[in-house]
Structure formats: structure tokens, C-alpha cells
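Report on the structure given below.
Number of protein chains: 2
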Amino acid sequence: MTFWKFFFKNTSMIKLPINSIEKILLIKQIENKGKILDIYISIDHNINLYDLERLCDAVGWVRRPLKKVKIAIDHSFLTISLFCKKNKTKQLIGFARATSDNAFNATIWDVVIHPEFQGKGLGKALMDQVIKELRSSDISTITLFADPHVVSFYKNLGFISDPDGVKGMFWYPL
Amino acid sequence: MTFWKFFFKNTSMIKLPINSIEKILLIKQIENKGKILDIYISIDHNINLYDLERLCDAVGWVRRPLKKVKIAIDHSFLTISLFCKKNKTKQLIGFARATSDNAFNATIWDVVIHPEFQGKGLGKALMDQVIKELRSSDISTITLFADPHVVSFYKNLGFISDPDGVKGMFWYPL
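Okay, here's the thing in C-alpha cells:
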């Protein structure tokens, strides 16, 4: 069985990848403003930082220096982006990344879906892929820190908050 | 000002490092069974895995494959160990490591102090050094997942649990 045949058999893809070198895969078709849009997923650290900034602006996140964002992406174990093709251009509409020790633990950061594309199952598709990729690397403890309004979203994906009383804790500079 | 003079001026060390190449620093003297022991701290990924396993055994942790432990240490952003010198041998008595994206976030894992050396301020000394090292890399969000019985220990170090309702969440394979 070739790599791609194996890969297809084990994902929910519905078409051939448009670019196998970059690992860009069609995962879903959605309706948006009366049009059918193809949604692709990419597992690639090579992200246009301005596209990412535009996406983060759209959800109102505090801006971060692009130089540091690049360092963070370069040192993330996993970086996954979602985009849709419109008029021969591609728009970044989702993103997530994870740090890891490459063995036991991973922590997921910066999960974002563009507001226009929320409520269409894309957050679940993105997170399913994150979990699948981490599990394929035999990482057994997948963690994240969830804002209160998305706790139920992650619970529906199988995440547990405070298991056995374990508390997520933060230290910030004064 | 030389590096070491600068370094000494900015730490709580009381003697010269015994091995500046390995960055091993004397941080504390403690009394143990009527003897004064010198406690050293080392910031070095090059750890004897069997010493680490012995330390983890002493606190009753579930054993993990050494091969995976090595991968985890090699891919940790920071690895800090504490040891004491006894009869010309050194004993590993404390350990902590952190994963990070090298820019914004770090997550601390595997914090352990040997039971014989607990209650002597060494956990605080270890964590102070972890925070100091992460802050020196300009990492602003330092996180960890604390078992219920150590939540107050981390609170005393300035960690906050569930800030603004943010929940630590875990996903485990079924």
C-alpha cells in the first residue's frame, strides 16, 4: 500500500491532496453565503505570518511581534492550518499548534477559527487532526488551557478538565 | 565584569561553581542526619537516566521506558537537576524540565524532590531556578499541571490556578 493510499484510508478526506509535498489535504466542503467552499488542512510550519496575524486580528487577539511568532512556530512540534480556496486564492481560516517533548506530553496553543467559518464543524475537524497527529507520534498526554467559553467544546472532543483534581496553573511576570 | 562574576552577583550562590563547563552551581547547604551537605544545581540535558529513574522510583512514580525519557529530555527546552555530594559521589535529589515554543509559553513537567530531602526548601530553590531560566529567555506564560497536594506549594511560588476561569484540560487515549 503506498503512503498516500494508506493516508487516505485512515482519514476522512474526500479528494486527492492538491499538493502532496506540503501535505495539503481536502477535508471538507462547506456552504458559506450560498456557495460551496473546499476546506483544506495543512500540516506545515511554513506559514505566512501576515495571514496568521490577519486571522488572529479577526478574533480580536492581542497582537504579538511577528519575529516571536515565527520563533514559536519554528519550535512547535506541530503546526496545523485550515484554509479555503476562493477565486484562485487561499484564505487562512483556522490554525492550531502544539509544543511537545516528542515523547510523552504535548500542549496545544493558539487554536483559532475565523468568525465567518465558525459553527460549521471546522474547529472539531482541526482538533481531530491535531489529536490524530500527536497520537501518531505516540504522545499520550495531550493538554491545553481552555478559556471558559470553549471548555464545553473541548469536553465534546474528549478532553477532561482537572482530572483527579490536577489543576492547570500559570505564572506571569509581575 | 566576567560572566561568572556577573552570574554570581545575580544568584544566591555562596561558592564558586565546581564545574563551570557543566554549569553546576552550589546553591545551598542543608543539614541532613546531623551532617552539612552541599546542594548543587545543574542546567544540563546530559543526565544519567538511571539516576533519574532511581529518583522517580523513590517518589513512587510509574516507570517509563528510558528510551522515551531520553527523547523527552532531549526535546525539553530546559532541564534542571539538583544533587548533593556525599563521600565524593554525587546523588541526584531533584529534577524538573520544561517544554516550550522558545518564545511565549512554557510548560513545566516532572518536578521531583527525593523524599529524604523534602521540607528543606529545595523544591522552592529548584522552581525559582526554573522560573529564572525561563524568564531569562523572555518566556512570559509559564504553566504547569499540579496534583492536588502540591497546588498550595505552587501558589506560594506565585502560580495561579484557573486564572480568569481558564481550565487545564487533558486528553488521554482510550
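Keeping their order, the protein sequence lines are chains A and B. Residue 63 in numbering that gives the first Met the number 0 is what sits at position 64 of the first sequence, and the numbering runs on without skipping anything. Residue 163 in numbering that gives the first Met the number 0 is what sits at position 164 of the second sequence, and the numbering runs on without skipping anything. For glycine and all other residues, C-beta sits at the position ideal for the given N, C-alpha and C.
Within 7 Å of the CB of residue 172 of chain A, the CB atoms of chain B belong to 134 and 139, in sequence order along the chain. Beta-carbon to beta-carbon, residue 125 of chain B and residue 79 of chain B are separated by about 6 Å, close enough to satisfy the 8 Å threshold. For the pair residue 89 of chain B and residue 36 of chain B, the CB atoms are not nearer than the 8 Å cut-off.
Here DSSP, grouped into helix, strand and coil, assigns residue 124 of chain B to helix. Taken through DSSP and simplified to helix, strand or coil, residue 160 of chain A comes out as strand.
Residue environment: residue 148 of chain A is assigned as exposed (fewer than 16 neighbouring CB atoms within 10 Å of its CB, all protein chains considered). Beta-bridge annotation (DSSP): residue 82 of chain B is paired with B/39 and B/91. Residue 143 of chain B: member of the beta strand (DSSP E) spanning 140-145, first to last residue. Comparing C-alpha distances from residue 164 of chain B to each of A/167, A/162 and A/92 shows the shortest one belongs to A/167. Legend: CB atoms of the segment 150-163 of chain B lying less than 9 Å from CB atoms of chain A belong to residues 150, 153, 154, 156, 157, 158, 159, 160, 161, 162 and 163. Neighbours of residue 104 of chain B across chain A, judged by C-beta separation under 8 Å: 71, 98, 106 and 108.
Contact between residue 82 of chain B and residue 70 of chain B does not hold, since the beta-carbon distance rounds to 23 Å and is not under 8 Å. Annotation: residue 80 of chain B has no Cβ neighbours in chain A at a cutoff of 8 Å; minimum Cβ distance is about 16 Å. Between the beta-carbon of residue 130 of chain B and that of residue 108 of chain A there is about 19 Å, and that puts the pair past the 8 Å contact cut. The segment 95-105 of chain B and the segment 21-33 of chain B do not touch, with fewer than 3 CB-CB distances between them shorter than 8 Å.
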